[in-house]
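From first to last, the protein sequence lines are chains L and D.
Using this note's numbering, the letters of the first sequence map in sequence onto residues 266 to 377.
Using this note's numbering, the letters of the second sequence map in sequence onto residues 2 to 113.
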Amino acid sequence: GENVEQHPSTLSVQEGDSAVIKCTYSDSASNYFPWYKQELGKRPQLIIDIRSNVGEKKDQRIAVTLNKTAKHFSLHITETQPEDSAVYFCAASLNNNNDMRFGAGTRLTVKP
Amino acid sequence: SAVISQKPSRDICQRGTSLTIQCQVDSQVTMMFWYRQQPGQSLTLIATANQGSEATYESGFVIDKFPISRPNLTFSTLTVSNMSPEDSSIYLCSVAIYNEQFFGPGTRLTVL
Chain L
266 GENVEQHPST
276 LSVQEGDSAV
286 IKCTYSDSAS
296 NYFPWYKQEL
306 GKRPQLIIDI
316 RSNVGEKKDQ
326 RIAVTLNKTA
336 KHFSLHITET
346 QPEDSAVYFC
356 AASLNNNNDM
366 RFGAGTRLTV
376 KP
Chain D
2 SAVISQKPSR
12 DICQRGTSLT
22 IQCQVDSQVT
32 MMFWYRQQPG
42 QSLTLIATAN
52 QGSEATYESG
62 FVIDKFPISR
72 PNLTFSTLTV
82 SNMSPEDSSI
92 YLCSVAIYNE
102 QFFGPGTRLT
112 VL
């Protein structure tokens, strides 16, 4: 089955700096790669996703890149703000939402 | 998106007892999922519940321990049976709508 690895497990940045979180996946057939943000005590919220037919997607300060050959994808947050502090999870699945596997998570802290 | 509610939001139970968690969605959905999130950990898929068929369980999860019902397209239940302290966790339901997956608020279970 699919195996998703996520790095780093913790990340601390200064407000205004950029943050990058990286994930790798094992199943070359996976075609959907969402990113979730989970604030303390709250549910995971989808923040951006990318499908295997594109290499990059951007939404304001957030961007995701996908390298299908290398089987890795990354989340980029620019101009970080304290409210970006949360745990971020990457995931990979085949056929959109079937059998979605999550990475271990990255705890991002943005220091003011 | 979808409005997803879960009951109860939290509970404290004695070992050996069972707890049934309810998940209600405000729209009809084909696929519903049940996840477990242990403290400080990632999300682990327990099973996929489709209306009109038996739930499909992931490796390490069995129907006798986690029976699931899916009586209609807006509702599902997950029962945690014969609980032990190792079952202490947050249990989340999620649904797939328009190729995106949305999570319920979670049920925080503590087993003494």
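The beta carbon of each residue, even a glycine, is placed where N, CA and C say it ideally should be.
Applying the criterion that 16 or more other CB atoms from any shown protein chain within 10 Å of the CB defines a buried residue, is P9(D) buried or exposed?
Exposed: under 16 other Cβ atoms inside 10 Å.
Taking the alpha carbon of S43(D) as the point to measure from, which residue in K376(L), P299(L), V329(L), G370(L) has its own alpha carbon closest?
Ranking the options by Cα distance to S43(D), first place goes to G370(L).
With a CB to CB cut of under 6 Å and the five nearest residues on each side skipped, what residues in its chain are close to G107(D)?
Result list for G107(D): I91, L93, in chain order.
Take the Cβ of Q38(D) as the centre, count every other Cβ of all protein chains shown within 10 Å, and call the residue buried at 16 or more, exposed below.
Under this definition Q38(D) is a buried residue.
So, does the CB of G107(D) fall closer than 8 Å to a CB anywhere in chain L?
Output row for G107(D): interface = yes.
Report the residue from H341(L), K302(L), K307(L), L305(L) whose alpha carbon sits nearest the alpha carbon of E321(L).
Checking every option, the nearest Cα to that of E321(L) belongs to H341(L).
Output, in sequence order along the chain, the residues in the segment 342 to 370 of chain L whose CB is closer than 7 Å to any CB in chain D.
The segment 342 to 370 of chain L vs chain D, Cβ under 7 Å: F354, N361, N362, M365, F367, G368, A369, G370.
Quick check on the DSSP output: what are the complete beta strand (DSSP E) runs of length 3 or more inside the segment 47 to 92 of chain D, in order along the chain?
69 to 73, 76 to 81, all fully within the segment 47 to 92 of chain D.
Reducing DSSP to helix, strand and coil, say where E348(L) ends up.
DSSP places E348(L) in helix when its eight states are reduced to three.
Closer than 8 Å by beta-carbon distance: list the chain L residues that pair up with Q102(D), in chain order.
Correct list: P299, L311, N362, M365.
For the segment 324 to 343 of chain L against the segment 10 to 20 of chain D, are there 3 or more C-beta pairs whose distance is under 8 Å?
With the cut-off at 8 Å, the segment 324 to 343 of chain L and the segment 10 to 20 of chain D do not touch.
State the start and end residues of the unbroken beta strand (DSSP E) segment that holds L276(L).
Here the beta strand (DSSP E) through L276(L) covers 275 to 279.
Determine the closest residue to D349(L) out of Q271(L), K333(L), S277(L), with distance taken between C-alpha atoms.
Looking at the Cα atoms, S277(L) is the closest of the given residues.
Please report how far the alpha carbon of S274(L) lies from the alpha carbon of R372(L), in whole angstroms.
Distance between the alpha carbons of S274(L) and R372(L): 6 Å.
With E304(L) and A351(L) assumed to form a contact (beta carbons below 8 Å), what rounded beta-carbon distance in angstroms separates them?
Yes, E304(L) and A351(L) are in contact; Cβ-Cβ is about 5 Å, under 8 Å.
Just confirm the distance between the C-beta atoms of S291(L) and N318(L), as a whole number of angstroms; I'd bet it's less than 8 Å.
The pair is not a contact, with the Cβ atoms about 20 Å apart (cut-off 8 Å).
In angstroms with no decimal places, state the Cα-to-Cα distance between I64(D) and Y58(D).
Going by the C-alpha atoms only, they are around 7 Å apart.
Taking the alpha-carbon positions, what's the T1(D) to G105(D) distance?
One cannot answer for residue 1(D) here, as it falls past the ends of chain D, which runs 2 to 113.
Rank T374(L), K323(L), E344(L), G368(L) by C-alpha distance to the C-alpha of L46(D) and give the top, closest one.
Nearest of T374(L), K323(L), E344(L), G368(L) to L46(D), Cα basis: G368(L).
Use the C-beta contact count for Y99(D): other C-beta atoms within 10 angstroms, 16 or more gives buried, fewer gives exposed.
Classification of Y99(D): exposed, given that the 10 Å Cβ count is below 16.
Among L359(L), V375(L), S339(L), P377(L), which residue has its Cα nearest to the Cα of H272(L)?
Cα-wise, what sits closest to H272(L) is S339(L).
Can the beta-carbon of F103(D) be found closer than 8 Å to that of S28(D)?
Going by C-beta atoms, F103(D) is not nearer than 8 Å to S28(D).
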